[in-house]
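> Count along the sequence shown from 1, then add 10; that gives the number in the working numbering.
We put the CB at the ideal spot given by N, CA and C, even for glycine.
Small disclaimer: the values here were computed from a predicted structure and weren't measured.
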Amino acid sequence: NRTKYKFNRKVGMTMTFTIIDAAIIFIYLMGMLVLGFIMGKTNKTQEDYFVAKRSLPWLPIGLSIAATMISCNSFVGGPGWGYHSGLLPFMQNITVPLALFISTTIFVPMLYDLKLTSVYEYIELRLGPKTRMAAVLGFILNSLIQVSSMVFVPSLVLQRFMGVSINIIIPVIVVIAVVYTMAGGIKAVIWTDAIQILVIWGGLIGGMVFMFAKSNIGFLETVHMAAQAGKLRAFDASWQFSLTNENGLWAALVGGLFMWSRYFSFDQAQVQRMFTAKSIRELKRSFVVSGIMMNVLYFLFIFLGALLFIQFGGAAFENANDVMIRFIGGLPAGLVGLLLASLFAAAMSSVDSLLNSMSTVFTKDIYERYIEKGKEASLKTSMMVSAVWGILVYIITMLAFSGTSKSILAVIGSYISYISGPTCGIFLLAMLTKKANDKGTVCGAVFGFIITLLFGTLAGFTWMWNSAFGTVMTFLAGYVFSCLFGEPAGEQARRYTIRGHMACLKEQGRTEENGISLMPFAVDRYSMILLVFFLIQLAVICFFQRA
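1. Pairing CB atoms from the segment 263–274 with CB atoms from the segment 124–134, are three or more of them under 8 Å?
2. Would you mind sorting M40 into buried or exposed? The rule is 16 or more other CB atoms within 10 Å of its CB.
3. At 4 residues or longer, what runs of the alpha helix (DSSP H) sit wholly inside the segment 202–286?
4. Look at L230 and A236 and say whether their C-beta atoms are less than 8 Å apart.
5. Looking only at DSSP bridge pairs, what is S527 linked to?
6. By how many angstroms is the C-alpha of I227 removed from the C-alpha of V482?
7. Report yes or no: do the segment 174–190 and the segment 297–307 share at least 3 C-beta pairs separated by less than 8 Å?
8. Whole-angstrom Cβ separation of P164 and A357, contact assumed at under 8 Å?
9. Which partner residues does L66 have in the DSSP bridge list?
10. Between the Cα of F47 and the Cα atoms of I338, I426, R64 and K197, which residue gives the shortest distance?
11. Ignore the nearest five residues each way along the sequence and tell me which others in M42's own chain have a CB closer than 6 Å to its CB.
12. By Cβ distance below 8 Å, which residues in the same chain neighbour V209 in space, the five residues on each side in sequence not counted?
13. Distance check for M120 and Y428, CA to CA, integer angstroms please.
14. For my contact list, L314 and G92 are in at a C-beta cut-off of 8 Å; report their separation, rounded to the angstrom.
15. Apply the 10 Å Cβ neighbour rule to C552 and answer buried if 16 or more other Cβ atoms are within range, or exposed otherwise.
16. Look up D534 in the DSSP assignment and say whether it is helix, strand or coil.
17. Distance check for G400 and Q206, CA to CA, integer angstroms please.
18. Our contact map puts F60 next to T370 with C-beta atoms below 8 Å; I'd like the distance itself, whole angstroms only.
19. Check whether the Cβ atoms of G266 and M79 lie closer than 8 Å to each other.
20. Buried or exposed: which applies to Y380, given that a residue is buried once 16 or more other Cβ atoms fall within 10 Å of its Cβ?
21. Is it right to say R10 is buried, meaning 16 or more other beta carbons lie within 10 angstroms of its own, or is it exposed?
22. Taking only the alpha-carbon atoms, compute the straight-line gap between V86 and M192 and give it to the nearest angstrom.
23. Should Q493 go down as buried or exposed, given a rule of 16 or more other Cβ atoms within 10 Å for buried?
24. What number of angstroms, rounded off, separates the C-alpha of R142 from the C-alpha of F222?
25. Would a C-beta distance cut-off of 8 Å place L108 and A244 closer than the cut-off?
26. Measuring alpha carbon to alpha carbon, tell me which residue in F220, L545 and A446 is nearest K140.
27. To the nearest angstrom, report how far apart R136 and I338 are at their CA atoms.
28. My output table needs one value for S388: the three-state DSSP class, helix, strand or coil.
29. Rounded to the nearest angstrom, what separates K51 and R64 at their Cα positions?
30. For Y377, which residues of its own chain have a beta-carbon under 8 Å away from its beta-carbon, when the five flanking residues on both sides are left out?
31. Which same chain residues, not among the five before or five after Y536, have their C-beta less than 6 Å away from its C-beta?
32. Whose C-alpha, out of T105, S84, F149 and E292, is nearest the C-alpha of T433?
33. Quick one: give me the first and last residue of the alpha helix (DSSP H) that P107 is part of.
34. On the DSSP letters alone, give me the boundaries of the alpha helix (DSSP H) that L463 sits inside.
35. Beta-carbon separation of F117 and M529 under 8 Å?
36. Does M101 pass the burial test, meaning 16 or more other C-beta atoms within 10 Å, or should it be called exposed?
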């Protein structure tokens, strides 16, 4: 009943995988399938399937957003980054609550009020079909890159523990995620994600408690030794302005702010969850939960890596992923299964979200727009689209990643950053200016993508700057091209700028909903909680810096 696999000669690690661990994983996976089918019983229409009739409470929505953010790349890679670089990698997430503050204060209330299903429907309302299609193609390409890596990374880890071929593990992950997503729609995605984030928390805390219970070095002593080793410093060389340091303070504050603001405001995978909220109050509460939950958990993964550097005596690892694998391998039967179930949870919470969002975008922005010519797709068609995307994800994962993971995973963040800047620029042009038009914005997006590609590849700057650079270049170029083309912005287009939307709300007398402002730029207690949490993060990092 016990199978052992030895690997990584530098650290002499032995892993054990038992029947108990296998049973825990099996029960977890079957539970996700059952929950998906239960959620699917109430789906009768396309609106049920894609936005759950805009009826979900704030807590599962917030947990789902957080679970999508904590992908398997963070679960496995986070401790490895912390082991080698200390708290420095956390700087890449430092602006998450600040970006959520901007999103909940300025952009998302307007998009939520328009009762959209796909966020890219807004682009056509404001600009036109050409820009809408450019944004849709950017989202699909971005999502395929992300979801394929999120399937492959956990498959590598599970292969090492379970001794099962990666050619079996990958389709298992994809098929299970596809089945419960296809059966239950967005409700299944959100509720399973909420459970999965709790599984991740349970696995992480259980593993850390056991590690220190059996260790000769206590928790506080480990923290002190990690501080002496420089592993708790997040600002090393970061006070200096640098275009090459991906963990630098300015790259995090500027580049990270653009990157995360685009992600939480204009990315279908995130905004679709917000569209399911039953009120603006529930929406803003979900922002608070997700912002705090995801960054605390991400910090713990990085922090765990810094502590493992002391617990493992600074042992050398050929691959950063092996740090988390060795940590799991040192746990007893049962806890190994819980951690591996957490690994599945981290993978599937990201995969199901992107599958459902890609299905929504294809159905609303391509199928209904160009194939059905304005006719709403049936529930059956919407479900079949999810299945087709699952097949494509499996094929792309096997073709792109089956040889080796190191090179392509190293540049995955870079690939996404080239797309995110122009996409953000498109939405800012639409929402903040009256001059922007369809042809001009498309030309600006193409120019922004090309110049960002040159900026990132030839100049040698870190990818953390790409989103900010691409956004600014797209915005400026799109504005100039729009002025040159001179297409008039009619009253319908003006209605969909932020200023026009504010005027419309005032005319309708709908500035508040149950005491919560519907107006963009209105700072309320939920926004302030996110801003305060951002400042608390800085204070915690400064505390460790001085430790």
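Taking the geometry as given:
1. no
2. exposed
3. 229–238, 266–276 and 278–285
4. no
5. E522
6. 50 Å
7. no
8. 4 Å
9. A287
10. K197
11. Y190 and T202
12. Y38, L348, A351, S352 and A355
13. 26 Å
14. 6 Å
15. exposed
16. coil
17. 20 Å
18. 5 Å
19. no
20. exposed
21. What is shown of the chain runs 11 to 557, which leaves residue 10 out entirely.
22. 27 Å
23. For clarity, residue 493 is Cys in the given sequence; the question names Gln instead. It counts as exposed.
24. 53 Å
25. no
26. A446
27. 50 Å
28. coil
29. 17 Å
30. A387, T391 and V395
31. K294 and V298
32. F149
33. V106 to I112
34. D448 to T467
35. no
36. buried
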